[in-house]
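Asker: Per our numbering, the very first residue in the sequence shown carries number 21; after that it's consecutive. One structure follows; several queries about it will come next.
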Amino acid sequence: MRTRQAPSLGTSLFLCIVFSLGLLGCGSNTEEQPAPDAGEDPFTQEMLDFLENDDVFVELAADSGVLIQAALERGEISLAESVALNYDAWLAPEILPPQYQSDEPFVWRTMQRDMQWVIDSYSTLTVPEQEKYASFLLPPTDPESDFYPEEMAAADSKAPGDYVFKTIDFIHEDVVKATITYTELEGEVTAEATRAEWVKSALGDSWTDYQDLFSNQPEPIPIYLIRLKEHGCMGLATNWYTSGGIYSRSRIYIDSTMGEKDTSATTVHEVFHCFQATLGWMSSKAHSWLKEATAVWSEDHIYAGYNTEWAYLDTTFAHLDKDRIRFDGNWEYSNYLFFFFAEQHLARNDFIVKILKDAMSMPVAEAVTSNFSDFPSLYAQYAKYTLNGFDWKLYTDDPAFKKIVPYWDSKVIYDYYRSGLPAENMEVNVNLGKGGITYQLFYFEPRTDILKRLEFDLSKIPDNPNIRRQAFFKYYNADWHEEDWTHEDHPTFCKTDQPGMVFMVVLVISNADLENPQAFSFDLKVDGDCTTPEGYVNVTESFSAGGSTFTASLNQRDTLEYSASKGAYVALRSTKDYSASATDVIDMGSGIPPCTITTTASGTLDIVYPENERPSRILLGSDGSFETIAVDTDDFDPDNWVTVITESTCGEGTSEETTPTIMSNQVSLTSADVDSTSIQGTRSESFGDMQIETAFSYHRLAGE
């Protein structure tokens, strides 16, 4: 089934243009804060770009259908009772109990689910219930059907020019696979005839593809073009099964008032349902979620340029923190985005039908998670894709993927200076649904000296492989950076001259467990003193002898922390740039031209060290004095971050390989290198023909 969407008033954007000024505060969705002065300076304008639009999300109108669905979700009524109430709200709203009556026009968003329930339950219903729903199940060509066209009812006398039913066939491999029935004025070609051709064309666009995906196909499908949108539907498919849950046949209804793109997309969506039905009986809410999410995915699969599935993005991006598997209005449709992401990220879609098949014999959550080798990592990538802003706008589409990013319940903003947040420490509570994702933006005013140290104490977050945390942050007048904080318990920022205090942090926390919610907290610690040292060591090596020359340099910047257990300052993080070049000329003798071998090497690395693998940088003596600086010694560096290219004139051509870090060095410190706030100096050493130049500078060591 495809549904009509609720209106949205000004979808906000989450990083490049999200975060409403009306939502600044400690997780509040109501407290309004004063806007900064746009003309103050370029920095303020940059902030306004982040806080551009009002963060408005319009929930579904509280019509009778919403009230009935809410009562069902609360457990106040059964599914059978909700079906009966929806049916009455459609045809006889005046008989509804008062708590379900509404002045809003009724939109039957669950019509397909309810009709399918009637089909599946019909044999067990009482005779009055069967009589009530009989007209609901009759084909639209039957005058007793609830869907019998009004123009046909008005033309029952069959006078000249009256409306009549027309049918065209869709033939595949010389077999009729569908009949498309519509109405037109007798003797005239109407718009419905054109729409019927659109449906036929959409069948041709999708049938072979679906047949290949499912290795199966449904029985011939009767398709009816009727007026549905006024009831909230663009299309619906119903399926009949035997008592053993074996598929028998399908029927499709398509709204007869839509344009070509919506008609085509709705057709392939509903036909996908019919292929799903060949796998077996899927009747639970979780199955309904899976069926609708993958059917919306199929719209993009067949018509990638139409982007009709974008209609569901408001719901997706507004509620990413909620349970992923849920049947609730537009929610099940909006979750196509996960399957869309997985197809793009993995560059394949074979898992779509595999999940549908597995869901016949296992819980839907298990069917989804078991079809990926490392689902928590994949889900963390989904959370990253769904940032959908600045440097992490990863979804692709033609035309470009819509500019919408997490907002509303999906995100919380903490504006540390304009929202009255505590002056020192703050506890942040996190509640994630089953498969929930939260996006939290922390903003700090960098032009003040009040805040010099910022620590995220994440140690209370459970050590759960399904919970992943990623950080996206930027300094004043600098680019965005990305780090994985899943195993970082105390990521810390300090205000120094270079690169300066971080002023925005987006913390993304994802729960890949689709069966269990997660609730926990972490602490934000701030103070006015920052004694964490930062600095650099630059080492240059050169060598020249005979026909060989060699130069290399390692530029390393560190953020340090004192470790009492090691009696040293250890590196929390290092950024490294390495480059080298070498030339060897080999005398081949006997008049043979010399062989020249030229080697170049380069690499960059930005590494956050695991807590138990932080290398010592500044070693202390037993009396606490600063004794030695160690460069790269015992580093926990990843393998193969330096690329080495070798070119030879000896007939061996060019080769390329990668290697781990190459240089290491130690510098013994003297009293001249150390003062109350820094360690800095230079060294020049010779070892035969090898020259080594070292420059080092670490600041803010006082008070440790």
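Heads up, the beta-carbon is just placed ideally off N, CA and C, and yes, glycines get one too. A quick note: this is a predicted structure, and the numbers were derived from the prediction, not measured.
#1: Compute the beta-carbon to beta-carbon distance between Ser270 and Cys294, rounded to the nearest angstrom, for a pair I have assumed lies under 8 angstroms.
#2: Among Thr648, Glu633, Gln711 and Thr406, which one has its Cα closest to the Cα of Tyr718?
#3: Which of the three DSSP states is assigned to Thr214 in this structure?
#4: Give the single residue among Ile88, Ala285, Tyr230 and Pro240 whose Cα lies nearest to the Cα of Met254.
#5: Secondary structure at Lys377, three-state DSSP: helix, strand or coil?
#6: DSSP has Val694 in a bridge; who is on the other side?
#7: Within this structure, are the beta carbons of Leu310 and Ala379 separated by less than 7 angstroms?
#8: Contact between the stretch 195-206 and the stretch 229-247 is defined here as three or more beta-carbon pairs at a separation below 8 angstroms; is this criterion met?
#9: Do Phe361 and Tyr402 have their C-beta atoms closer together than 7 angstroms?
#10: Determine the DSSP secondary structure at Val425, reduced to helix, strand or coil.
#11: Please check the pair Val138 and Val103, which I expect to be a contact at CB under 8 angstroms, by giving their CB distance rounded to whole angstroms.
#12: Between Ser308 and Val288, is the Cβ-Cβ spacing less than 7 angstroms?
#13: Any contact of the stretch 291-305 with the stretch 330-338, i.e. 3+ C-beta pairs under 8 angstroms?
#14: Can you round the beta-carbon distance between Tyr356 and Val316 to whole angstroms, since I take them to be within the 8 angstroms contact cut?
#15: Let me confirm a value: Val274 is counted as buried when at least 16 other C-beta atoms fall within 10 Å, else exposed. Which label applies?
#16: Classify Leu461 as helix, strand or coil using the three-state DSSP reduction.
#17: Please classify Arg368: is it buried, with 16 or more other beta-carbons within 10 angstroms of its beta-carbon, or exposed?
#18: Using three-state DSSP, classify Thr616 as helix, strand or coil.
#19: By DSSP's criteria, Thr663 is part of a beta bridge. Which residues make up the other side?
#20: Under 7 angstroms, do Asn531 and Gly456 count as touching if we go by C-beta distance?
#21: Alpha carbon to alpha carbon, how far is Lys374 from Thr618?
#22: Where in the stretch 254-333 do unbroken runs of the alpha helix (DSSP H), each at least 4 residues long, occur, reported from the N-terminal end onward?
#23: Please report how far the alpha carbon of Met67 lies from the alpha carbon of Asp229, in whole angstroms.
#24: Excluding five sequence neighbours on each side, which residues of the same chain lie with their C-beta closer than 7 angstroms to the C-beta of Asn106?
#25: Assign Asn451 to one of three DSSP states: helix, strand, or coil.
#26: Just curious, the beta strand (DSSP E) that Arg637 is in, first and last residue?
#27: Answer yes or no: do Ala621 and Val662 have a C-beta to C-beta separation smaller than 7 angstroms?
#28: Please state whether DSSP places Val605 in a helix, a strand or coil.
#29: Just how far apart, CA to CA, sit Asp417 and Thr283?
#30: Ignore the nearest five residues each way along the sequence and tell me which others in Glu5's own chain have a CB closer than 6 angstroms to its CB.
#31: I believe Leu474 touches Val546 by the beta-carbon criterion, under 8 angstroms. Please report the beta-carbon distance rounded to the nearest angstrom.
#32: Can you look up His501 in the DSSP assignment and give me helix, strand or coil?
#33: Can you round the beta-carbon distance between Asn486 and Pro396 to whole angstroms, since I take them to be within the 8 angstroms contact cut?
#34: Looking at the strands, I want to know which residues DSSP matches up with Gly673.
#35: Where does Arg488 fall in DSSP's three states?
#36: What is the DSSP secondary structure of Thr146, reduced to helix, strand or coil?
Answerer: Let's see:
#1: The Cβ separation is near 4 angstroms, so the contact holds.
#2: With distances taken between Cα atoms, Tyr718 lies closest to Thr648.
#3: In the three-state reduction of the DSSP assignment, Thr214 falls in the helix class, which pools H, G and I.
#4: Closest option to Met254, Cα to Cα, is Ala285.
#5: The answer is helix: DSSP assigns Lys377 an H, G or I state.
#6: For Val694, the beta-bridge partners assigned by DSSP are Ile699.
#7: Yes, Cβ-Cβ distance for Leu310 and Ala379 is below 7 angstroms.
#8: These segments touch.
#9: Yes, the Cβ-Cβ distance between Phe361 and Tyr402 is below 7 angstroms.
#10: Val425 falls in the coil class under three-state DSSP.
#11: With a beta-carbon spacing of about 7 angstroms, Val138 and Val103 fall inside the 8 angstroms limit used to define contacts.
#12: No, they are not a contact pair.
#13: By the Cβ rule, the stretch 291-305 does not count as touching the stretch 330-338, because fewer than three pairs are nearer than 8 angstroms.
#14: Their Cβ separation, rounded to whole angstroms, is 4 angstroms, which keeps Tyr356 and Val316 in contact under 8 angstroms.
#15: Strictly speaking, residue 274 in this sequence is Ile, with Val absent from that position. When all chains shown are included, Ile274 counts as buried.
#16: Residue state for Leu461 is assigned as strand, using DSSP reduced to three classes.
#17: Under the 10 Å beta carbon count, Arg368 is surrounded by fewer than 16 other beta carbons and is classified as exposed.
#18: Reduced to three states, the DSSP call for Thr616 is strand.
#19: Residue pairing by DSSP puts Thr663 in a beta bridge opposite Ser622 and Thr678.
#20: The criterion of a C-beta distance shorter than 7 angstroms is satisfied by Asn531 and Gly456.
#21: Cα to Cα, the separation comes out at about 52 angstroms.
#22: The stretch 254-333 contains these whole alpha helix (DSSP H) runs: 280-297 and 305-322.
#23: Interpretation of Met67 is limited by its pLDDT of 45, a score under 50 that renders its predicted location unreliable; no figure is taken from the coordinates.
#24: Residues Gly85, Ile88, Trp128, Thr130 and Asp134 of the same chain have their beta carbon placed closer than 7 angstroms to that of Asn106, with the five preceding and five following residues left out of the count.
#25: Secondary structure at Asn451: strand, using DSSP grouped into helix, strand and coil.
#26: Counting along the chain, the beta strand (DSSP E) containing Arg637 begins and ends at Ser636 to Leu640.
#27: Yes.
#28: Correct three-state label for Val605: strand.
#29: In this structure, the alpha-carbon of Asp417 lies about 21 angstroms from that of Thr283.
#30: Outside the modelled stretch of the chain, which goes from 21 to 724, sits residue 5, for which no answer is possible.
#31: Taking C-beta atoms under 8 angstroms as the contact rule, Leu474 and Val546 qualify, at a distance of about 5 angstroms.
#32: In the structure shown, His501 falls within a strand segment according to DSSP collapsed to helix, strand and coil.
#33: Rounded, the Cβ-Cβ distance is 5 angstroms, consistent with contact.
#34: Ser668, per the DSSP bridge assignment.
#35: Correct three-state label for Arg488: strand.
#36: The three-state reading of DSSP puts Thr146 in coil, since its state is none of H, G, I, E or B.
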